[in-house]
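If you read the protein sequences in the order shown, they are chains A and B. With the first sequence counted from 1, adding 4 to any position gets you the numbering used here. With the second sequence counted from 1, adding 678 to any position gets you the numbering used here.
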Amino acid sequence: MNKITTGLVLMILWQTSYADQSPGLVKCDNVQGLPCKLVWNIANGPHAYYRVERFDTKNGNWIVVQPLPRKPRGVTVNAVSGGSLYRVVGCKPDRAAESCVGSSVHWVPFQAESAADLPDSVRSSTGDWELVVHKDAPLHMQNLDYNVGLLTQVLDRMGQTARPPMTVPEYLYSDQGPTAEMLPDITLDVWMQNELYRLYEGARRRR
Amino acid sequence: MRRKLPIVLASLVLVTVMAEAGQLVREPISCLGPSQLYFVSWFGPWKAGVKWLEYGVNATSWDWYSGFLEDVGCISSPELNRYYRIMGCRGNNCSQQTASIYVPSWAPCEGAIP
Numbered sequence: 005m006n007k008i009t010t011g012l013v014l015m016i017l018w019q020t021s022y023a024d025q026s027p028g029l030v031k032c033d034n035v036q037g038l039p040c041k042l043v044w045n046i047a048n049g050p051h052a053y054y055r056v057e058r059f060d061t062k063n064g065n066w067i068v069v070q071p072l073p074r075k076p077r078g079v080t081v082n083a084v085s086g087g088s089l090y091r092v093v094g095c096k097p098d099r100a101a102e103s104c105v106g107s108s109v110h111w112v113p114f115q116a117e118s119a120a121d122l123p124d125s126v127r128s129s130t131g132d133w134e135l136v137v138h139k140d141a142p143l144h145m146q147n148l149d150y151n152v153g154l155l156t157q158v159l160d161r162m163g164q165t166a167r168p169p170m171t172v173p174e175y176l177y178s179d180q181g182p183t184a185e186m187l188p189d190i191t192l193d194v195w196m197q198n199e200l201y202r203l204y205e206g207a208r209r210r211r
Numbered sequence: 679m680r681r682k683l684p685i686v687l688a689s690l691v692l693v694t695v696m697a698e699a700g701q702l703v704r705e706p707i708s709c710l711g712p713s714q715l716y717f718v719s720w721f722g723p724w725k726a727g728v729k730w731l732e733y734g735v736n737a738t739s740w741d742w743y744s745g746f747l748e749d750v751g752c753i754s755s756p757e758l759n760r761y762y763r764i765m766g767c768r769g770n771n772c773s774q775q776t777a778s779i780y781v782p783s784w785a786p787c788e789g790a791i792p
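Structure follows, in structure tokens:
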């Protein structure tokens with residue numbers, strides 16, 4: 005078996021072990037960088053209403069960011085802001101919560117252009133934990149630390165039972181990192197999506 | 679000025695408390711091709727007599743990783759995709775806890791990827 009085949013098999017195994025059945029998915033239209041317009045695809049439709057929701061760590065709930073046209077799939081007109089977790093929800097006409105189906109979730113990273121824009125640490129709202137942003141590290145590591153902190157706040161507020169699966173990244177590498185064949189496709193955004201996907205799914209499944 | 683005095687005093691107390699706390703740090707070992715390797719190190723000063731290292735997949739639930747730590751030390755092959763922190767106790771009083779750090783599964787060297 006050559007390296008490409010091995011890589012593909014590893015990716016399929018990883019995706020099989022991590023992907024849950026979700027009635028739809030949402031992800032960025034541009035997988036290799038920001039800004040991010042969300043692409044959605046919701047099954048079990050058509051529904052009467054579709055909307056983009058963002059998880060609000062202050063109140064611990066999903067809030068509507070953009071109403072969407074009545075289409076089971078599409079791309080948002082506007083880009084969404086980074087440093088947040090998004091999903092798309094489709095609902096029946098009565099808007100009852102039970103009638104709604106949610107997509108998998110997608111983390112849109114926050115990418116600071118300067119380390120001065122990043123704090124020294126991120127804290128939980130309850131003061132239970134504080135996560136370090138290594139200020140002497142290169143900017144991409146500081147950006148990762150900060151996004152880890154923000155996503156940890158989300159996980160903290162969501163609770164264990166209310167965590168939908170995360171959309172599997174387009175270029176998913178194994179625990180050993182990307183193969184030589186994958187490297188040309190690995191941008192800083194792709195890298196961060198991989199790491200945050202592992203963090204989220206690891207916490208969700210309590211690996 | 680009188681109004682600002684409590685704030686100044688509170689800041690001094692905070693600085694003193696922070697200065698007494700030990701630290702846990704993720705540090706680079708080397709750059710191999712495009713990959714950056716990391717180890718985890720810690721140093722004092724410590725108020726606590728007994729210190730141990732904990733890790734977890736959540737920042738809120740922790741497992742024991744290593745105990746009876748020296749004041750300064752490191753682990754060269756930490757478990758990846760984990761949060762780490764050091765908990766310090768004197769008798770039954772576990773009052774000292776470092777800020778947590780996160781170790782990713784893979785990290786690129788600076789400038790290795792676009």
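C-beta: ideal position from N, C-alpha, C; glycine also.
In terms of residue numbering, what span does the beta strand (DSSP E) encompassing Val750 of chain B cover? Careful: Val750 of chain B lies outside any beta strand (DSSP E) and carries neither H nor E.
Is any beta-carbon of chain A found at less than 8 Å from that of Pro756 of chain B? no
For Ile67 of chain A, count neighbouring Cβ atoms within 10 angstroms of its own Cβ and tell me buried if that reaches 16, exposed if not. exposed
Measure how close the beta-carbons of Glu748 of chain B and Trp740 of chain B come, nearest whole angstrom, since I'm counting them as under 8 Å. Not quite, the Cβ-Cβ distance comes to about 20 Å (not below 8 Å), so this is no contact.
Would you say Ser107 of chain A and Gly28 of chain A are within 8 Å of each other, going by their C-beta atoms? Yes, the Cβ-Cβ distance between Ser107 of chain A and Gly28 of chain A is below 8 Å.
Helix, strand or coil for Met170 of chain A per DSSP? strand
I'd like the ranges of any beta strand (DSSP E) spanning at least 3 consecutive residues and lying wholly in the stretch 16 to 98 of chain A. Runs of beta strand (DSSP E) with 3 or more residues, each lying fully within the stretch 16 to 98 of chain A, are found at 28 to 32, 42 to 46, 53 to 60, 65 to 72, 77 to 79 and 88 to 95, listed in chain order.
Pairwise C-alpha distance: Gly78 of chain A and Asp60 of chain A: 24 Å
Ala141 of chain A to Gly766 of chain B, Cα distance in whole Å? In this structure, the alpha-carbon of Ala141 of chain A lies about 26 Å from that of Gly766 of chain B.
Identity of the residues DSSP links to His110 of chain A by a beta bridge: A:Tyr90
Unbroken beta strand (DSSP E) run spanning Tyr733 of chain B, endpoints: Unbroken beta strand (DSSP E) run through Tyr733 of chain B: Val728 to Gly734.
Beta strand (DSSP E) segment containing Asn771 of chain B, residue limits: Judged by DSSP secondary structure, Asn771 of chain B falls within the beta strand (DSSP E) whose first and last residues are Asn771 to Gln775.
Taking a cut of 7 Å between CB atoms, which residues from the stretch 75 to 92 of chain A lie near chain B? So the list is empty, because no residue satisfies the distance condition.
Short-range partners of chain B found in the stretch 141 to 152 of chain A, where Cβ spacing is below 9 Å: Ala141, Pro142, Leu143, His144, Met145, Leu148, Asp149 and Val152
Cβ-based neighbour list, Ser125 of chain A, same chain, cut-off 8 Å, excluding 5 preceding and 5 following: Glu134, Leu135, Val136, Val137 and Gly153
Interface flag, Ala120 of chain A vs chain B, CB-CB below 8 Å: no
CB-CB length for Thr191 of chain A against Ile791 of chain B, believed under 8 Å: Under the criterion of beta carbons closer than 8 Å, Thr191 of chain A and Ile791 of chain B qualify as touching, at roughly 6 Å.
Going by Cα to Cα distance, which pick from A:Gly181, A:Val109, A:Glu185 and A:Asp33 is closest to His199 of chain A? Going by the sequence as given, residue 199 of chain A is Glu instead of His. Selected option, being the one with the closest Cα: A:Gly181.
Chain B partners of Thr156 of chain A, CB-CB under 7 Å? Ala737
Contact set between Glu117 of chain A and chain B, taken where Cβ atoms lie within less than 7 Å: The contacting residues do not exist; Glu117 of chain A stays about 15 Å from chain B at best.
Output needed in chain order: residues of the stretch 707 to 726 of chain B with a Cβ under 7 Å from some Cβ in chain A. Pro712 and Ser713
Excluding the five sequence neighbours on either side, which residues of its own chain have a C-beta within less than 6 Å of the C-beta of Asp215 of chain A, listed in chain order? The shown model of chain A, from 5 to 211, leaves out residue 215 of chain A, and the question about it has no answer.
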